[in-house]
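For reference, the structure is listed below as structure tokens.
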Amino acid sequence: MKNLYKLDHIYKTYKNYDTDYHALEDVSLELSEGEIIVVLGPSGSGKSTMLNLLSGIDSPSKGHILFEDIRVDQMKASELTEYRANNLGFIFQSYNLIPSLTVKENIELGKELSTAPLSVKDLIKQVGLESHASKYPYQLSGGQMQRVAIARALVKNPKVLFCDEPTGALDEETGKKVLELLQDMNGKYHTTMIIVTHNPSIADMAHTVIRMNSGKIVEIKHNKTIKKASELRWA
Ligand SMILES: Nc1ncnc2c1ncn2[C@@H]1O[C@H](COP(=O)(O)OP(=O)(O)OP(=O)(O)O)[C@@H](O)[C@H]1O
Ligand SMILES: [Mg+2]
């Protein structure tokens, strides 16, 4: 499969008085296009830091980051903006919807800056919100709000979708529905999905599982069999 990201001996170092603290320490990694990648690890192990480096929100203290053979760590602010606008989508544990906009309007926001957006109408259908399109966020359940957030992130048809704890605020049934949707969208649009989670069950639906501890990658596993999200056991 085609390589999408390459991390080459990455460090993210913070100064704490006169000692160095490595949020990431010598991390090397290659990620393939079109995969579901699950990143597991205890709190403070460097998961969000790694996501922030991949998405160019933060820059490494040392090492190279390549996206399709282009150095993300050397991009200027304007290039980073363009890189994110053209290629990346984000969803978070707290859905980050605009309360004064309807479901449809929230999703339309995701089209901003996009050159080839998907149809908002089709997406609303695919995420199962047809009968909720003119509702406001406060009228929705957590799972419904997360589905709006997913549609908003996918409407520009990004190459990569970054998901930081996408099911953290959801119960098992709702969480699995959200993961099913992500899995469907990965199949349909071939979107690379990088999912950070504390829930080890989610690893069973990944093509690749990355385990982190204390700023290091301790294991990279490529699953031979991939479970459907609906069949996951829940931790
Ligand atoms: N701006 C900063 N200054 C100093 N230390 C930082 C900074 N940002 C992150 N860190 C430290 O880097 C380490 C990794 O943080 P990170 O947010 O990547 O962890 P995480 O694996 O995402 O944790 P969680 O599961 O709790 O979200 C933590 O020990 C954190 O305190
Ligand atoms: Mg985090």
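Letter by letter, the sequence shown follows residues 78 to 312 of my numbering. Every residue, glycine too, gets a C-beta built ideally from N, C-alpha and C. In this text, all values refer to a predicted model and were calculated from it rather than measured experimentally.
Between the Cα of residue i and the Cα atoms of the options, which residue gives the shortest distance?
i: residue 282; options: 259, 181, 85 and 90; result: 259
i: residue 147; options: 210, 80 and 295; result: 80
i: residue 184; options: 160, 211 and 116; result: 211
i: residue 189; options: 199, 161, 179 and 206; result: 161
So, is residue i buried or exposed, given that buried needs 16 or more other C-beta atoms within 10 angstroms?
i: residue 132; result: buried
i: residue 310; result: exposed
i: residue 165; result: buried
i: residue 230; result: buried
i: residue 112; result: buried
i: residue 192; result: exposed
i: residue 98; result: exposed
i: residue 121; result: exposed
May I ask which residues mark the beginning and end of the alpha helix (DSSP H) holding residue i?
i: residue 199; result: 197 to 203
Are the beta-carbon atoms of residue i and residue j separated by less than 8 Å?
i: residue 275; j: residue 303; result: no
i: residue 279; j: residue 287; result: no
i: residue 78; j: residue 110; result: yes
i: residue 140; j: residue 84; result: yes
i: residue 101; j: residue 89; result: yes
i: residue 224; j: residue 255; result: yes
i: residue 246; j: residue 168; result: no
i: residue 248; j: residue 128; result: no
i: residue 150; j: residue 142; result: yes
i: residue 114; j: residue 270; result: yes
i: residue 201; j: residue 137; result: no
Give the DSSP-derived three-state secondary structure of residue i in the structure shown.
i: residue 129; result: helix
i: residue 172; result: coil
i: residue 109; result: strand
i: residue 310; result: coil
i: residue 217; result: coil
i: residue 264; result: helix
Determine the extent of the beta strand (DSSP E) in which residue i is found, giving its start and end residues.
i: residue 85; result: 80 to 93
i: residue 117; result: 113 to 117
i: residue 272; result: 269 to 274
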